[in-house]
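In this note's numbering, each residue's number is its place in the sequence shown (first place is 1) plus 28.
One structure below.
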Amino acid sequence: TPFGQAIGYGNRTVKLLNNEATLDRRRMRIDDSTLRGTGGLMRVLAIPLYYRGSVRNIVQKAKLSTAVTHNSDEVMLYSAMYAVLVDYVLKGLSKEEALAKLRIKFASDERASKLLDRDFSSLIFTDARPDYFSALATLEVALWAWYSTNDYEQAITRAIRVGHNTDTCGAVTGGLVGA
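Structure follows, in structure tokens:
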């Protein structure tokens, strides 16, 4: 809630994030580069709201939240990038300013740089892409849909019309555009 209260499932997540030392890491999935799924992206949206303004905490908690089901450096990176971007947008930064800050924050990671150096206003999505169900592809679709319009409904529609992983692309786009 706006008052820092977690409701329902959120209470368990808050306990996990606040008690990282008690986390049973043996129950997490092993670090596996094939675990490139998108669940972590949807799960982290509350983190920049709860830890608003603390980029260090946002990155740490986004990665931890993602690791519960997708303990992969790649997926944790994209979840952290998404959470930090939402924080920047909530601060009132323009799209250009938010992306520029995100580039600086994640400049040391080649995967982040490669994604953020894309021209989101001119991306084209085709059926030939084999990784539409990856965190990278979902974040890329969300960034394109967010960047290429200033209309909430149009952004969600664009993300869904890409035609792959529509529920997650719509949810991740909606979180970003709604910020």
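Even glycine gets a Cβ: it sits at the ideal position worked out from N, Cα and C.
A quick note: this is a predicted structure, and the numbers were derived from the prediction, not measured.
Rounded to whole angstroms, Y110 and S82 show a C-alpha spacing of 14 Å. Scanning the segment 114-148 for uninterrupted alpha helix (DSSP H) segments of 4 residues or longer gives 123-133, 138-144, listed from N- to C-terminal end. Straight-line measurement puts the Cα of M70 at about 9 Å from the Cα of T94.
Of all C-beta pairs linking the segment 98-114 to the segment 163-181, three or more are shorter than 8 Å, placing the two stretches in contact. Around the Cβ of G120, a 10 Å sphere holds fewer than 16 other Cβ atoms; the residue is exposed. The alpha-carbon of T66 is positioned some 6 Å away from that of S162.
Under the three-state reduction of DSSP, G206 is assigned to helix. C-alpha of L151 to C-alpha of S122: approximately 20 Å in a straight line.
Contact between L118 and R80 holds: CB atoms are separated by about 6 Å, below the 8 Å threshold. Considering only L143, L92, F148, the residue with the shortest C-alpha distance to T177 is F148. Check the Cα spacing between S100 and each of L164, F153, L204: the tightest is with L164. Membership of G65 in any alpha helix (DSSP H) is not indicated, and neither H nor E is assigned to it by DSSP.
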